[in-house]
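Numbering (the working numbering), first residue to last: -1 to 289.
Following this line, the structure appears as structure tokens:
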């Protein structure tokens, strides 16, 4: 069986959504229109969603070069989206649906239900990467209503549970932490709160292998990381989790932390370093963290 690498997965996903959107006879020359809500002007998500749009564009070009889907070419329709308000989310999705798209493909919606409800009311296939337990719960509660909606990744809870499993695996492989306490720096949106609670639950379920340390609250945007860095150093935990997702802000944390680190601590930065801009902004300060 061929391996399912990232390119093959994205091409398969786009082609599957496109094929599912064909619900009525159409002329072979008519394109299949895929709506792609993409944050372009807001304070968060611009780099993340640009990556997704680049991937969709690449997949569409390759599928079209191979003859399209059942002889029909794919086209994308892109609109800006305000990820931080339900009104902005609904407006973007409604604009695409009213514009006649045959399918929707979105990297993630921070406020998931408004987007899902618009897609559900129209029946167009909607593929998303919300990384959201709330999205999963909506489908479980009403699978008929949300039958046309597909989440392509696991819920955000795995950032927490998976991190604790990772730590235990590293210990089993020979890593020796300086102590078993885990400090958590948590942002306040629902996404990061779910991750923090999942991490705390996994620590509690570890049978004493790991101990809950200090919990430090932050609020986006973080103007000054110095007090957080000082609090972490005073706590002196063996493991530190930065439960925040904005790449630029995590780069700022990295630059502040390397000036006054907690000696011997293993520091986990959640999600943000997967964005290319993290390395561009953090520079040499990016070295030594896990993500």
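Note that the Cβ used here is the ideal one computed from N, Cα and C, for glycine as well. Computed from a predicted structure; not experimentally measured.
Where does residue i sit, in a helix, a strand or coil, going by DSSP?
i	result
residue 53	helix
residue 323	Only positions -1 to 289 of the chain appear in the structure, and residue 323 is not among them; the question remains open.
residue 238	strand
residue 247	helix
residue 65	coil
residue 193	helix
residue 257	coil
residue 59	helix
residue 148	strand
residue 36	coil
residue 45	helix
residue 124	strand
residue 269	coil
residue 206	coil
residue 75	strand
residue 181	strand
residue 101	strand
residue 28	coil
residue 108	coil
residue 215	strand
residue 286	coil
residue 277	helix
residue 94	helix
residue 264	strand
residue 23	Confidence in residue 23 is poor, its pLDDT being 47 and thus under 50, which makes the residue's placement unreliable; the coordinate value appears in the next sentence. Note: residue 23 maps to coil in three-state DSSP.
Quick one, are the C-beta atoms of residue i and residue j less than 7 Å apart?
i	j	result
residue 241	residue 212	no
residue 197	residue 158	yes
residue 99	residue 31	yes
residue 270	residue 245	yes
residue 238	residue 199	no
residue 217	residue 186	yes
residue 230	residue 190	no
residue 130	residue 50	no
residue 235	residue 280	no
residue 290	residue 88	Residue 290 lies beyond the residue range present for the chain, which begins at -1 and ends at 289; the question has no answer from this structure.
residue 144	residue 137	yes
residue 214	residue 192	no
residue 289	residue 267	yes
Evaluate residue i with the Cβ neighbour count: other Cβ atoms within 10 Å of its Cβ, from every protein chain shown; 16 or more gives buried, anything less gives exposed.
i	result
residue 46	buried
residue 54	buried
residue 112	buried
residue 33	buried
residue 109	buried
residue 308	Past the boundaries of the shown model lies residue 308; the chain is included only from -1 to 289, so the question cannot be answered.
residue 68	exposed
residue 247	buried
residue 103	buried
residue 52	exposed
residue 142	exposed
residue 174	exposed
Am I right that residue i and residue j are in contact with their C-beta atoms under 8 Å? What's the rounded C-beta distance?
i	j	result
residue 126	residue 107	7 Å
residue 284	residue 276	7 Å
residue 147	residue 118	7 Å
residue 70	residue 29	6 Å
Next on the checklist: Is it the case that the region 223 to 232 contacts the region 254 to 263, given that we only count it when at least three CB pairs across the two stretches are under 8 Å?
Outcome noted: yes
Checklist entry - Does the region 141 to 153 come close enough to the region 80 to 93 that 3 or more CB-CB pairs lie under 8 Å? => result no
Checklist entry - Counting Cβ pairs closer than 8 Å, one from the region 76 to 83 and one from the region 31 to 40, do we hit at least three? => result Yes, they touch.
Checklist entry - Looking at C-beta atoms only, is the number of pairs between the region 206 to 220 and the region 175 to 190 that lie closer than 8 Å three or more? => result yes
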